[in-house]
Amino acid sequence: MCPKCGGKSESFAIVHNKKNKETYRKRRCLECGHVFYTVEFDVPPTKRLLRDWFINSKSKVRR
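Read in order, the letters of the sequence shown are residues 96 to 158 in our numbering.
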């Protein structure tokens, strides 16, 4: 999702950092053309994290 207009985006460059276990993605909005970066990283699962993720993901499900 584009931070500028909220449109859909695609990644066109990916860099994996094996040392820090991070993935950087360069993304482009399909609606307005805005270019931005996202970072993905590993987070050890905890009971609170799993509970919060479940609550937040369940509320976003469309019926």
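Note that CB positions come from ideal geometry on N, CA and C, so glycine has one too. On a predicted model such as this, the values are computed, not experimentally measured, just so you know.
Residue i vs residue j beta-carbon contact at 9 Å
i: Arg123; j: Glu135; result: no
i: Val142; j: Glu126; result: As written in the sequence, residue 142 is Lys, which differs from the Val given in the question. Taking 9 Å as the Cβ cut-off, Lys142 and Glu126 do not qualify as a contacting pair.
Alpha carbon of residue i to alpha carbon of residue j, nearest angstrom
i: Trp148; j: Lys113; result: 25 Å
i: His111; j: Arg120; result: 9 Å
i: Ser152; j: Lys116; result: 24 Å
i: Thr118; j: Ile150; result: 26 Å
Range of the contiguous beta strand (DSSP E) that encloses residue i
i: His111; result: Ser104 to Asn112
i: Thr88; result: The requested residue 88 is not part of the displayed model; the chain covers only 96 to 158.
i: Glu126; result: No beta strand (DSSP E) holds Glu126; DSSP gives it neither H nor E.
Original post:
Any contact of the region 122 to 136 with the region 99 to 111, i.e. 3+ C-beta pairs under 8 Å?
Top reply: yes
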